[in-house]
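To convert, note that position 516 of the sequence shown is 634 in my numbering; the numbers rise steadily by one, no gaps.
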Amino acid sequence: MVFAHLHTHTAFSLLDGEGTVKKVLDRAKELGQTSMAITDHGCMFGVIDFYEYAKSIGIKPVLGCEVYVAARGHKDKIHELDSSSSHLILLAKNNIGYKNLMNIVSIGYVEGFYYRPRIDMDVLRENSEGIIALSACMIGVLSKKILAGNYDEAKKSAQEFIDIFGKENYYIEIQDHGIYEQKMLNRELVRLARELDLGIVATNDIHYVKQEDAEFQDVLMCIQMGKTIYDDDRMKMSTNEMYVKSEEQMSELFSYIPEAIENTQKIADMCNVEIEFGKLHLPEFKLPEGYTSVSYLHELCEKGLEKRYPDADSSIRDRLKYELSTIESMGYVDYFLIVWDFIHFAKKNGIMVGPGRGSAAGSIVSYCLEITNIDPIKYDLIFERFLNPERVTMPDIDIDFCYERRGEVIDYVNNKYGADRVAQIVTFGTMAAKLAIRDTGRALDMPYGFVDGVAKQIPNELNITIEKALESNKQLKEMYDSDPQVKRLVDVSSELEGLPRHTSTHAAGVVITREPVQTYVPLSRNDEVITTQFTMTTIERLGLLKMDFLGLRTLTVIRDAVENIRRAHGIKVDMDGMEMTDPETYAMISKGDTDGVFQLESGGMKEFMKELKPSTLEDIIAGISLYRPGPMDSIPQYIANKNSGSIKYKHPLLENILDVTYGCIVYQEQ
């Protein structure tokens, strides 16, 4: 193959690109292509997904972005002068270029956002190393000037790009989507390239996978603009040629200039970014003088051990030593110090912190550091559920904070590590089944009542899809088979279902890095919140420290209740030291009187508690664990065993393991 697509918009060009990363790359593979670039509009949301999937199917990934170049400076924001911008394709040649690309894209969002993320020539000048630039489409800097009759100005701009990137790293890009103006534009672009001795490269401005998908991308753009397909004043592609074309098609289109095809592969061969997964990039924890990270952690744990276990026997001390050696060997010492530090800050400042969530409660180190308030020895919790040398993954300590004061903890972390080293994490809202139908119906200008009627046929089930709904709901299938309008609505919706629709900020996720965040991941902006452009799972795979700072209203309610008791009765309630043995509390729960009780207030849980009649905290823990899809099947047996007091174990060896759950297997540890 001598051709590679270097101008590709995936579904991460939100509500503009219609092809998912997988579909776009699968099509390139099907056509026998061996390299492909990702160049989404102004962002790098999809580059890691693209990189990993391309590698998995034997395609060389070229990582890039189609950036927006501001009309003036990227910080200028006067509507009459700065509302329009021009395009420029940037491709990372190597890891230096990849870092520079992340910096450019981050600056576009953090500093330059005005309608869209914008950068300027100075930003490019400061971050040009390791980057190849292509002059882009009809909205490129050069193309806009040529189309406006300013050839000499276009030539000056080209010279400026040469000065920034070097002649060998700047290419004149030509495209042919059957648009009349493009024919004239290409002649002038080739002329300019010849006059300045620049390479020429042919691209197709990919926005969907196959030619017939143009209809779906058109609907997608209507959803973006809040328009219908019948509106005359909407933005619309004037061609259906923006799909993944074969080398033969591209060679035929540009048969008069074969070098433009050959240069695509030449550029792809020049681009060699290698992304490293799994290597830890923990922030540096500032230690008191005279300490190493290991010695400081050991000292904190020893002090905690004296407080938590004043009469600790050798088994407890051995457990602590074992956990500490595992933490050290896996490289997570600083991780525990960082978590200890901000929880210590919260407690010192009267910010309520939850007792512990998830597998971290199985660690005696967490308990001694007061990261958790659950005694793992008392509850027979297993450390390996949390950290296991056989399964090297980053520890995951999710912490609940008082909802009203969670922000203070994040501010503390910002101040300690530097605002440029802390960011919240992006999450994507996707077009789920019902939303896809409603969005598509509006774009197709179908009556609201009609669309609503179809949408309501989608069952309210977790992870439901339109395809599953057609299989499970006979009425929907009959409507689909008998009514052409329903069929069209469902077919178009099915194509758009699951695509990312918008970005938002993850409710709890925060990343803390050793160097500025944009050294590792590109940044975005969600209103006034700076977020990463990569999701939580991607950030973890890249070896970055991700923490969940969960704001829990229940803690705020408990805080207020404790304060009200103190004011009204002069009694200071110690929530952390409270014994969980009060019979009146269990009687209340057994009556289903649990409005406002965390995780026990739903109708289903109330009924379950009435049948279960819990008498210990273990009963409630098991109840919460059982009340979810899958384990629910064991609920009748669990209730029967508890209330009968008669348990038959399948083997005597199971008694010590299953006695606490009345003979039923409830927990992963069991």
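Note that CB positions come from ideal geometry on N, CA and C, so glycine has one too.
- Around His-159, the same chain offers His-127, Ser-131, Asp-134 and Glu-184 as residues with beta carbons nearer than 7 Å, after the five sequence neighbours per side are excluded.
- Residues Ile-297 of the same chain have their beta carbon placed closer than 7 Å to that of Ser-356, with the five preceding and five following residues left out of the count.
- Per DSSP, reduced to three states, the secondary structure at Cys-183 is strand.
- For Phe-568, the enclosing alpha helix (DSSP H) has its first and last residue at 566-573.
- With fewer than 16 other Cβ atoms from the protein chains shown falling within 10 Å of its own Cβ, Phe-395 counts as exposed.
- In the pairwise beta carbon analysis, the segment 341-351 is classified as not touching the segment 281-292: fewer than three pairs are separated by under 8 Å.
- Counting along the chain, the unbroken beta strand (DSSP E) around Ser-203 starts and ends at 203-210.
- For Val-531, the closest alpha carbon among the candidates Asp-493, Tyr-440, Asp-666 and Ile-257 is that of Asp-666.
- Taking C-beta atoms as the reference points, Glu-247 and Gly-226 fail to come closer than 8 Å.
- Take Lys-731, set aside five residues on each side of it, and the residues of its chain with a beta-carbon closer than 6 Å to its own are Ser-708, in chain order.
- Assignment of alpha helix (DSSP H) within the segment 417-499, counting only whole runs of 4 or more residues, yields 432-447, 451-466 and 482-486 in chain order.
- For the pair Val-259 and Ser-204, the CB atoms are nearer than the 8 Å cut-off.
- Counting along the chain, the unbroken alpha helix (DSSP H) around Ala-272 starts and ends at 269-283.
- In this structure the segment 511-526 lies against the segment 468-478, because at least three pairs of beta carbons, one per stretch, are closer than 8 Å.
- Here Ile-156 is buried, its C-beta having at least 16 other C-beta atoms within 10 Å.
- A direct Cα-Cα distance of roughly 42 Å separates Ala-625 from Ser-432.
- If you draw a straight line from the Cα of Leu-771 to the Cα of Gln-151, it is about 59 Å long.
- Each of Ile-250, Leu-594, Glu-392 and Ala-266 was checked against the Cα of Thr-382, and the nearest Cα belongs to Ile-250.
- Between the segment 615-625 and the segment 539-555, the count of Cβ pairs shorter than 8 Å is three or higher; the stretches touch.
- Looking from the CA of Glu-271, the closest CA among Leu-307, Pro-376 and Val-639 belongs to Leu-307.
- Bridge partners of Met-154 according to DSSP: His-123 and Pro-179.
- The beta carbon of Pro-401 sits closer than 8 Å to those of Asp-452, Ile-456, Tyr-535, Arg-539, Ile-630, Thr-631, Arg-632 and Leu-663, all from its chain and outside the five residues before and after it, given in chain order.
- Secondary structure note for Ile-739: its alpha helix (DSSP H) is the uninterrupted segment 735-744.
- Here Thr-321 really is in contact with Glu-291; their C-beta atoms are around 6 Å apart, less than 8 Å.
- Membership of His-624 in the beta strand (DSSP E) is indicated by the continuous run 618-630.
- Going by DSSP, Phe-501 is part of no beta strand (DSSP E) at all; its letter is neither H nor E.
- In this structure Ile-177 touches Lys-147 by the C-beta definition: roughly 6 Å separates them, less than 8 Å.
- Counting the other Cβ atoms within 10 Å of the Cβ of Leu-580 gives fewer than 16, which makes it exposed.
- For Ser-642, the uninterrupted beta strand (DSSP E) run begins and ends at 641-644, by DSSP.
- In this structure, the alpha-carbon of Gln-329 lies about 22 Å from that of Met-343.
- Of the candidates Ile-318, His-769, Lys-274 and Val-362, the residue whose Cα lies closest to the Cα of Pro-376 is Ile-318.
- For Arg-671 and Asp-713, the gap between their C-alpha atoms comes out near 14 Å.
- For Glu-585, the enclosing alpha helix (DSSP H) begins and ends at 584-590.
- Cβ contact annotation for Arg-243 (same chain, cutoff 6 Å, sequence separation greater than five): Ile-282, in chain order.
- The alpha-carbon of Met-698 is positioned some 23 Å away from that of Phe-501.
- Distance from the CA atom of Ala-378 to the CA atom of Asp-514, rounded to whole angstroms, is 50 Å.
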